[in-house]
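Take a look at the structure below.
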Amino acid sequence: MNGHFPLMAEATVAIADAARYIPDIAGHLESHGARASSQGEATVLDFDFCRGVLSPQEGSLHLRAEAADRSLLQEIKMELAEHVVEFTGVSASDIVWTGDKSESGAPPNFRLMRVVSTRRITPHMQRIRLAGENLLRFSGLGNIHCKLLVPPAGVEPEWPALDAQGSFRWPGGPGKPSVRKYTIRSVDAQAGTLDIDLVVHGDEGPGSAWAIAAKPGDLIGMVGPGGRGIRQAGWHLLAGDETALPAIARALENLSPDSRGVALIEVADSAEEQDIVLPQGFELKWLHRNGAAAGTTTLLADAVRSVAVPAGEERVFVWAGCEFSAFRDIRSHVRNVLKLGKEQHLVTSYWRRGISEDGASRLDAVSTVVTKIGKRLGLPVGD
1 MNGHFPLMAE
11 ATVAIADAAR
21 YIPDIAGHLE
31 SHGARASSQG
41 EATVLDFDFC
51 RGVLSPQEGS
61 LHLRAEAADR
71 SLLQEIKMEL
81 AEHVVEFTGV
91 SASDIVWTGD
101 KSESGAPPNF
111 RLMRVVSTRR
121 ITPHMQRIRL
131 AGENLLRFSG
141 LGNIHCKLLV
151 PPAGVEPEWP
161 ALDAQGSFRW
171 PGGPGKPSVR
181 KYTIRSVDAQ
191 AGTLDIDLVV
201 HGDEGPGSAW
211 AIAAKPGDLI
221 GMVGPGGRGI
231 RQAGWHLLAG
241 DETALPAIAR
251 ALENLSPDSR
261 GVALIEVADS
271 AEEQDIVLPQ
281 GFELKWLHRN
291 GAAAGTTTLL
301 ADAVRSVAVP
311 AGEERVFVWA
321 GCEFSAFRDI
331 RSHVRNVLKL
341 GKEQHLVTSY
351 WRRGISEDGA
361 SRLDAVSTVV
371 TKIGKRLGLP
381 VGD
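If you read the sequence shown in full-length UniProt numbering, its first letter stands for residue 1, the second for the next number, and so on.
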């Protein structure tokens, strides 16, 4: 466990045979960008500016959260607590944190944002500009993700708060917002604004419905930043469908001018292409489905396999975000064919065909548990 963070909080939760849950929790957090390692019986989960530690004890699970500031401390506490609740079945009220914390009230990583403008930039991409305070931490390629808290229509929204123990508490009443994860397309910290590009295909989900109906002056909650971003490297392979387009575009426009690599972006057709400023040494390839439904082709995975990664280049970084099936294929190629280590790639599933984001989160948890059990029993399971 390298490095030292100035802020720390701890919690001990009564859980019988706690050690058996740790691999599942750690595995799921790895899919969120954590770098897992072992230190004795403890499992250490490192992010760029914060860390979580899971330690089994007799009849309990000990949690430790460390971070560079109070906002990040709250973020890692929330990640640990949510996953412990999800995988062990304990109640959120059973997790009581001690140590460094914020006063009760609004969490430090929560902001109330106001819609400034909204416009359709392609037939299926809506750009919404939001205004808020203290946005400097959302700058840079390490902080590109956030959670938008979409208020329910026709009901006074309820926002998250910290209780007396400094624990993050989600509202549970009729005003509870829907939570959706998005990539921040660009940030102007000085002006106090940021842009979020959202894929819209009708109003089938809370996020899409909100994006279509949003108008200047509307309020929305935002939590973050969170997750791993795109690292600087000597050569990059960036790949994704339209859900990852904002992340890839932001990376291309913010990498050093002498960066080299290949970017692959799958979209419906040429009408969904965007003008993106590229570093001189980058090649951008648009992949068109031409009538095929999103998530039904192997376009992206095939294109990734066709890219020749430079031999002998030590500073290679592969980043991909896409539908679950493509994610599995690409991750397998990166790990088993390219033989890239954990520090050299980040491949994530942004969505699953036919399943809502809420359903995908629950299914992902079940899938992680089943895979872990299969591996322990020596059964053949996918990579």
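Cβ coordinates follow ideal geometry from the N, Cα and C atoms, glycine included.
| query | result |
| --- | --- |
| Beta-bridge partners of residue 394, as assigned by DSSP | Examination of residue 394 is not possible in this model, given that the chain is present from 1 through 383 alone. |
| Three-state class that DSSP yields for Gln344 in the structure shown | helix |
| Beta-bridge partners of Trp319, as assigned by DSSP | Leu238 and Leu346 |
| Three-state secondary structure (DSSP) of Gly47 | Checking the displayed sequence, the identity of residue 47 turns out to be Phe instead of Gly. In the structure shown, Phe47 sits in coil (DSSP, three-state: anything other than H, G, I, E or B). |
| Under the three-state DSSP convention, the category Val90 falls into | coil |
| Arg305: first and last residue of the uninterrupted alpha helix (DSSP H) it sits in | Leu299 to Ser306 |
| Sequence-distant residues of its chain with Cβ nearer than 6 Å to Glu273 (five each side left out) | Trp286 |
| Beta-carbon separation (whole angstroms), Leu148 vs Ile220, contact threshold 8 Å | 6 Å |
| Stretch pair the stretch 115 to 124 + the stretch 206 to 216: three plus CB contacts closer than 8 Å | yes |
| Spatial neighbours of residue 395 in its chain, beta-carbon cut-off 6 Å, leaving aside the 5 residues before and after | Lying before the first or after the last residue shown, residue 395 is absent from the chain, which here runs from 1 to 383. |
| Where the alpha helix (DSSP H) through Ala211 begins and ends | Pro206 to Ala213 |
| Beta-carbon proximity list for Arg362, same chain, < 7 Å, skipping 5 on both sides | Low local confidence applies: a pLDDT of 45 at Arg362 is under 50, so the model's placement there is unreliable, and no value is given. |
| Inter-residue spacing [alpha-carbon to alpha-carbon] between Pro177 and Ala311 | 48 Å |
| Glu242 vs Val199 beta-carbon contact at 8 Å | yes |
| Cα-Cα separation between residue 384 and Glu58, rounded to whole angstroms | The structure shown has nothing for residue 384, since the chain only spans 1 to 383. |
| Complete runs of the alpha helix (DSSP H) confined to the stretch 64 to 146 [at least 4 residues] | 70 to 88 |
| For residue 462, the first and last residue of its enclosing beta strand (DSSP E) | One cannot answer for residue 462 here, as it falls past the ends of the chain, which runs 1 to 383. |
| Cβ neighbours of Ile22 in the same chain (closer than 6 Å, five flanking residues each side left out) | Thr43 and Leu54 |
| Beta-ladder partner(s) of Pro56, from DSSP | Leu61 |
| Rounded separation between residue 389 and Glu323 - CA only | Lying outside 1 to 383, the shown extent of the chain, residue 389 is not represented and no answer is given. |
| As assigned by DSSP and simplified to three states, the class of Ala153 | coil |
| For Arg20, the three-state DSSP class (helix, strand or coil) | helix |
| Whole-number beta carbon distance between Leu264 and Ala239, since they are thought to touch under 8 Å | 4 Å |
| Selection from Leu340, Ser325, His333 and Val337 that minimises the alpha carbon distance to Arg352 | Ser325 |
| Beta-carbon proximity check, Phe317 vs Thr348, cutoff 8 Å | no |
| Within 8 Å, strictly: CB atoms of Val90 and Ile25 | no |
| Of the listed residues Glu41, Glu86 and Leu7, nearest to Phe49 (C-alpha basis) | Leu7 |
| Where the alpha helix (DSSP H) containing Leu264 begins and where it ends | Where Leu264 is concerned, there is no enclosing alpha helix (DSSP H), although the beta strand (DSSP E) it sits in stretches over Arg260 to Val267. |
| Outcome for Val187 when other beta-carbon atoms lying within 10 angstroms are tallied against a minimum of 16 | buried |
| Under 8 Å between C-beta atoms of Ala251 and Leu141 | yes |
| Assigned exposure category for Thr296 - 16 Cβ within 10 Å defines buried | exposed |
| Cutoff 7 Å; reference Pro157; Cβ partners in own chain excluding five residues on either side | Pro151, Gly175 and Pro177 |
| Cβ-based neighbour list, Thr98, same chain, cut-off 6 Å, excluding 5 preceding and 5 following | Glu10 |
| Distance, Cys146 Cα to residue 390 Cα | In the structure as shown, the chain begins at 1 and stops at 383. Residue 390 is therefore absent and cannot be evaluated. |
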